[in-house]
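Participant: Handing you a structure now.
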Ligand code: PEP
Ligand code: MG
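Residue numbers (the numbering used here): 22 to 538.
So this is what it looks like as structure tokens:
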């Protein structure tokens, strides 16, 4: 505990020496010092050690967890939010007691990771040469941690229930990320079948250069990325550019807000990798299942319906201004576009564009940057004709659109089957968006998970979507699927599936018509 206190004091001293330090950072750390010395906490730890014979690490962990629970149950939202500080300081002491970095993942040999769930920041630390596959008992296909895992190309199966957690370490497990199947102690025959399927998937020799249908329709195929490291990977996978940079992941593991210079460096580095190819930078999309330690958010009863995306950015305009200035400066000589997430009203877009114009004027920008919005809230779909007049492009976020249309939390495995982009209810929303975009003569892309689903690709093309943006490892398979399609055929398929009674029927219909899996 003394070491933890010295560490925290060290951070406070270094922050206090900087002229730019935000005092709230220092205040938070001062409060953390008080938590370590909290007499009730220490009393509880002593009890657990001396009366219940727990070792120090276990006693500390139990006492901290109890304290976190107490804070989380309080009525006062400010005090509730302090639970995160207790977790932080508790983790620091625990790490010192065990000699392990509890918030990082270190593996000594390659294997399959089995866990209750994964946070986005842990997912960012995964290395595909050590983590060959992941099974989580909770989670869902469109949770942000899963999306990061997809970007890394690691097969993952989510929501398998808790039974797998009790399998002994070193059990042999096999999984198929495409079908969601998991085998415990698979037979030799099963292993051989899976290995054959894996080699087929990894074989890029059959992948065409471009995404062109049999009758010559070219579809732009972009990558979804989270940082500099995967920009290069995206090009290796055959991306024509970046359709979605989830900028909130660039600085997820920091305690302090990045400076404009740091943000500029990141965007510039990615832009240089992209050269003249398009790079769409989405402004911070936090809230929901994503938090940034340096943006303090009140705890919310329904975070996915709360202060998320553009709402949060308009709430802290100075953070948005800094980000936009960095984006505009990085765009010089590059094909950068800016995109606002979680839009639900025309007023929000106008407010964000006003801030953009002010920033543009303040740095005398010569070429206006292209501005787009994510269509991921039903209200944006129904207002798409008005929104289309405000912007240069739409990008449909099917992960959120599915959860909001179907009223099914994307992180809740219990309702994961409902939050399915193949539901005709969601597909009809996509159709409505495309019609509004094309009437206003703007392009529309799909950057949610649905764009990499082989069954969905023909439907999206048939509905008139102009561009797909997918996780880099999915690019090759999507190109192969597109090269097998014919526009007149997919238009007929799209038309038919909109009339079906649910996602299952849509899946069966497309598989039957095209023989895709
Ligand atoms: C989406 O909602 O589909 C999307 C692409 O954004 P995110 O997954 O980051 O919320
Ligand atoms: Mg989204």
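A virtual CB, placed ideally from N, CA and C, is assigned to each residue, including glycine.
As a quick exercise: from 120, 160, 462, pick the residue whose alpha carbon is nearest that of residue 135.
Facilitator: Cα-wise, what sits closest to residue 135 is 160.
Participant: Would you kindly report the start and end of the unbroken alpha helix (DSSP H) that includes residue 529?
Facilitator: That run of the alpha helix (DSSP H) goes 524 to 535.
Participant: Assuming the contact rule is C-beta atoms closer than 8 Å, residue 203 and residue 178 should be a hit. Round their C-beta distance to whole Å, please.
Facilitator: That pair is a contact at about 5 Å.
Participant: Return yes when at least one heavy atom of the ligand PEP lies under 7 Å from the C-beta of residue 353, else no.
Facilitator: No; taking the cut-off as 7 Å, the Cβ of residue 353 has no heavy atom of the ligand PEP nearer than that.
Participant: Please report the distance separating the alpha-carbon of residue 193 from that of residue 437.
Facilitator: Looking at the two C-alpha atoms, the distance is approximately 27 Å.
Participant: In the DSSP assignment, find the unbroken alpha helix (DSSP H) run with residue 88 in it and report its ends.
Facilitator: From DSSP, the alpha helix (DSSP H) with residue 88 extends over 77 to 93.
Participant: Cβ of residue 415 within 8 Å of Cβ of residue 463?
Facilitator: Yes, they are a contact pair.
Participant: First and last residue of the beta strand (DSSP E) that includes residue 309?
Facilitator: No beta strand (DSSP E) contains residue 309, which DSSP labels as neither H nor E.
Participant: Go ahead and pull the three-state DSSP assignment for residue 244.
Facilitator: Correct three-state label for residue 244: strand.
Participant: Residue 331 lies in the alpha helix (DSSP H); which residues open and close that run?
Facilitator: Taken as a continuous stretch (DSSP letters only), the alpha helix (DSSP H) holding residue 331 covers 331 to 336.
Participant: Let's see if you can read the secondary structure: which residues bound the alpha helix (DSSP H) around residue 196?
Facilitator: Unbroken run through residue 196 is the beta strand (DSSP E), 194 to 197; no alpha helix (DSSP H).
Participant: For my contact list, residue 528 and residue 163 are in at a C-beta cut-off of 8 Å; report their separation, rounded to the angstrom.
Facilitator: Their Cβ separation, rounded to whole angstroms, is 17 Å, which puts residue 528 and residue 163 out of contact at 8 Å.
Participant: Beta carbon of residue 472, beta carbon of residue 491: below 8 Å?
Facilitator: The answer is yes: Cβ separation under 8 Å.
Participant: Can you give, in chain order, each stretch of the beta strand (DSSP E) that sits fully within the segment 188 to 234 and has at least 3 residues?
Facilitator: The segment 188 to 234 contains these whole beta strand (DSSP E) runs: 194 to 197, 202 to 205.
Participant: So which of 167, 486, 88 has the shortest CA-CA distance to residue 456?
Facilitator: When only C-alpha atoms are compared, the closest one is 486.
Participant: Whole beta strand (DSSP E) runs in the segment 346 to 409 with 3 or more residues, listed along the chain?
Facilitator: The segment 346 to 409 contains these whole beta strand (DSSP E) runs: 356 to 361, 391 to 396.
Participant: What does DSSP give as the partner residue(s) for residue 133 in the beta ladder?
Facilitator: Its beta-bridge partners are 154.
Participant: Let me check understanding here. Comparing Cα to Cα, which of 175, 182, 205, 168 lies closest to residue 189?
Facilitator: Answer by Cα proximity: 205.
Participant: Say the cut is 7 Å; is the CB of residue 420 nearer than that to a heavy atom of the ligand MG?
Facilitator: Yes - the ligand MG has a heavy atom lying nearer than 7 Å to the Cβ of residue 420.
Participant: Can you give the Cα-Cα distance for residue 453 and residue 209, rounded to whole angstroms?
Facilitator: Using only the alpha carbons, I get a separation of about 49 Å.
Participant: Could you give the first and the last residue of the continuous alpha helix (DSSP H) run that contains residue 257?
Facilitator: 249 to 257 is the span of the alpha helix (DSSP H), which, as asked, contains residue 257.
Participant: Just the Cα atoms here: how many angstroms apart are residue 349 and residue 73?
Facilitator: Rounded to the nearest angstrom, the two C-alpha atoms are 60 Å apart.
Participant: Taking the DSSP output, what are the residues bridged to residue 435?
Facilitator: In the DSSP output, where bridge partners are listed per residue, residue 435 has none listed.
Participant: By DSSP, does residue 26 sit in helix, in strand, or in coil?
Facilitator: Reduced to three states, the DSSP call for residue 26 is helix.
Participant: Give a yes or no on whether the C-beta atoms belonging to residue 308 and residue 333 are separated by under 8 Å.
Facilitator: A contact, by the Cβ cut-off of 8 Å.
Participant: Are residue 553 and residue 298 close, meaning C-beta to C-beta below 8 Å?
Facilitator: As displayed, the chain neither begins before 22 nor continues past 538, which places residue 553 out of reach and without an answer.
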